[in-house]
Structures are given as C-alpha cells and as structure tokens.
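Numbering (the numbering used here), first residue to last: 7 to 427.
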C-alpha cells in the first residue's frame, strides 16, 4: 500500500490539546467572574471583517496592517481580513448596532482568537487568544474611566493568578500636543537617521511615532535619547495625566512612568499603558491598552471617548505558572465487575450525570485488576463497583482511590456525598 500523506497544523497555529484547553477554560472563567463584578458584558464579533475596518482604525503605516494581516478577496472581490486585534471589531459592532443609545458608558469584554502573520517564537504566535475590555462613551471625566479600566485589567490578572506583574503608563496628549511633539521628534530622528533601521527611516516621513515602537536594538538606543511627549503636553493634558496617576495611587495600584511607551496602533490618544511580567524575557507584555478618543467618529459613529485593553492568554498562562491547574478534573469511574452488571452500570452513569456529577464507565468487562489500573492511570479519586451482589442489595461499592477504603452505599447517598449535600 502507498504511504498516506499526514497533515500538520499550520506554523504558528498550534493545536490546544486537552490539558492546555482546560487551563484556557480556567483563565477565561476567572476573567468572566471579574468582568461580572466590574459590570462589563460580553460581546462576540466575527473573525473576519472588511480590511478597511482595520486600515482605518489601526493605521495603514503600522506593522500590523503593512505586514501582519491575513487578507483575502471574497467572491464579490471585496478585501476581507482575519482580525489581528479586537478593538476595531468591537467599535464597528458598537456603531452598527447602536449600542450607545442609553448615553451611559458602554462596558464590553470579549474573549477569542486573533491572527497575525508574524515570525512564530515563544510568546508570539500567528493564531493567539486575547481577553479584552472596552469602556465606550460615558458622561463622567475621562480620567474616571481610565482608572476603572486599568484597575479592571489588574483585577483580571490577579483573579487569574498572575503575580509580580509590572504596570507602565504614559500619556500621548491631545492632537495639538502630538503635532508639536512629532515636529520635535522628526527633527531629532532626521539628525540621527544613520542609527535607524530602514523601516524607521521611512517612517520618519510617513508616521514618525511608529519609530518609538520599533524593537530593533539600535533604534531603541536612539529612541532612548529622543525628545519626550511629556515636554510637549499642554496644561489640560498634564492635569488630566496627573488625575489618572493620582487615581491609581489612591487605589494603591503601583505603576512606573515610561515616556517612550506609545503602543503599536495609530488609534491611541491620551493614556496608554502596558503590563509586563519579568519571567517572560523579550516578549514580556501580557496586557496593553489605552485611550482612543476619536476612533468611533473616525469609523462613522458618535464622537465619544473610549479606552480599552487586551490580555494575551498564552502569555498569561506562562506568567501564572502553577497558579493555573492544568488538566481537567477526572470524575468517578463506574466499573461493572461482571457482564450481568453492565446495564446497571450504564444506568448508574446516566443518573450521576443527571445530578451534575462527572463520571466515566469501563465499557469493556475485563478483569477487575485491569479496570483498577485504568482508574489509577487516569488519576480518578473515586470508583464505583457494581456486581451481581450490589444489584440484589440495591447498593453500589464506593472506593476511595486515595485511601483505599471502600463502603457499600445507596447511589443516592453517593451523590449527596459527592455534591456535598
């Protein structure tokens, strides 16, 4: 027979196998619990959007749009792309579905896969998963929502089990501040052009702020000595930035100012922030976000402010380590000790499941020794044994795999004990 071709997952898009999938589930469940407390509601947007949604929001000169999006033409020759991040889709959905109707702040969260055609490495995949949150609109001062959003990001990470993370913040000021700053930065970088990579040289004229986000070591060195946005901020923006910092201090949220922090997306204005973890090396950012006033109006919606962030699930799993229990809990294994007990064992399994008790069944009636070996291998905490004698007595034999003790009980008694009733 000819060899049959086998297939592998695409590079940078690994399978999430049962043990890791269980850890993903724990992270998502813990995040949802925190979002409920903060009164965020979930939104689910499509994986595919019109390419223009991302070009208009993220920015045509960003690495994401220029190099990293998965883009194709549909049957009507329309350009569509897999979402590389979540905010643009959420804003599109917010506008299209008129979620701003009440006038109050709209607080949304999402969980799902994103796609970027990057060089795969530790902590950076082509299909990756994010937990994100957005606060859109609202009648209060912008600083109030900034503080709430950043505190929610910290609370989600704490709820998941991450410890030792570090928060860095910066302000990108208003449009007037950025215009003034870009002029200064462009002058400085033009004079230092020889020290920059080809991409950064080009970006001096196309989108100078993107130079600050370059990961090239030589470019980073040049950027370190560049003018800072803080020196170009107007009085109002300085006061607003001070309000946010004071608000974080009042909540005992530790942070460090980083005046080179700009984030890699063009829609950011005002406050930007990044949360990193020292255990992750070069790819140490586990969460990042900022304010994006103007994006909703740019995309055809109302002129309202907004702020959001995204948390990378894969990186959080690496940072949380032992605080995430890998592997799903195994339920009770029901074993028929002889052929006559198989039907009763099946009924027992159905009854247990109807009461919300996880369980499996030894479907092949083999030696009791072999069945117990399976229970031990699968790390089952309890086993139910059913034979002819148990059927006659209307009982089951419950064995504790940890202590080795076994007791005859009614199935009702077993269920009450397992459920803690």
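By construction, the Cβ of each residue, glycine as well, lies at the ideal position given by its N, Cα and C atoms.
Since we're looking at a predicted model, the values are computed, not measured.
What is the DSSP secondary structure of residue i, reduced to helix, strand or coil?
i	result
residue 283	coil
residue 315	strand
residue 268	coil
residue 86	strand
residue 245	helix
residue 169	coil
residue 67	coil
residue 77	strand
residue 327	helix
residue 405	strand
residue 39	helix
residue 260	coil
residue 388	strand
residue 144	coil
residue 54	strand
residue 276	strand
residue 12	coil
residue 361	coil
residue 309	coil
residue 288	coil
residue 375	helix
residue 218	helix
residue 252	helix
residue 122	coil
residue 421	helix
residue 350	helix
residue 200	helix
residue 239	coil
residue 345	helix
Sort out for me which residues DSSP pairs residue i with in a bridge.
i	result
residue 117	137
residue 380	Per DSSP, none; premise fails for residue 380.
residue 130	127
residue 112	142
Between which two residues does the alpha helix (DSSP H) harbouring residue i extend?
i	result
residue 205	204-212
residue 45	Premise fails: residue 45 is in no alpha helix (DSSP H) and is neither H nor E.
residue 155	148-166
residue 342	Premise fails: residue 342 lies in the beta strand (DSSP E), 338-342, not in any alpha helix (DSSP H).
residue 183	181-197
residue 97	93-102
residue 230	223-230
residue 303	301-304
residue 22	First-last for residue 22: undefined, no H or E at that position.
residue 398	394-399
Express the C-alpha separation of residue j and residue i in angstroms, rounding to a whole number.
i	j	result
residue 293	residue 181	25 Å
residue 326	residue 28	14 Å
residue 85	residue 120	18 Å
residue 356	residue 307	52 Å
residue 277	residue 312	11 Å
residue 9	residue 124	33 Å
residue 59	residue 358	49 Å
residue 217	residue 136	25 Å
residue 155	residue 316	11 Å
residue 151	residue 408	50 Å
residue 46	residue 263	28 Å
residue 302	residue 112	13 Å
residue 186	residue 213	14 Å
residue 41	residue 115	7 Å
residue 374	residue 398	20 Å
residue 417	residue 382	22 Å
residue 243	residue 15	48 Å
residue 177	residue 423	56 Å
residue 179	residue 300	13 Å
residue 22	residue 190	47 Å
residue 274	residue 24	37 Å
residue 143	residue 102	15 Å
residue 396	residue 403	7 Å
residue 347	residue 33	40 Å
residue 63	residue 318	20 Å
Locate the beta strand (DSSP E) running through residue i, then write down its first and last residues.
i	result
residue 294	291-297
residue 177	172-177
residue 413	412-415
residue 366	365-368
CB of residue i to nearest heavy atom of the ligand SAH: below 7 Å?
i	result
residue 422	Looking for the ligand SAH in the displayed structure turns up nothing, as the structure carries no ligands at all.
**Study point:** Inter-stretch contact (C-beta, 8 Å, three-pair minimum) for the stretch 63-73 and the stretch 356-363
**Key:** no
Point to revise | Stretch pair the stretch 49-63 + the stretch 98-112: three plus CB contacts closer than 8 Å | key: yes
Point to revise | Contact between the stretch 332-351 and the stretch 157-176 (3+ Cβ pairs under 8 Å) | key: no
Review point. Does the stretch 117-135 touch the stretch 250-269, meaning 3 or more C-beta pairs lie closer than 8 Å?
Key: no
Point to revise | Contact between the stretch 78-92 and the stretch 228-243 (3+ Cβ pairs under 8 Å) | key: no
Check your understanding: Is the stretch 282-291 touching the stretch 190-207, taking contact as three or more C-beta pairs under 8 Å?
Key -> no
Check your understanding: Are the stretch 221-234 and the stretch 242-250 in contact at 8 Å, needing three or more beta carbon pairs?
Key -> no
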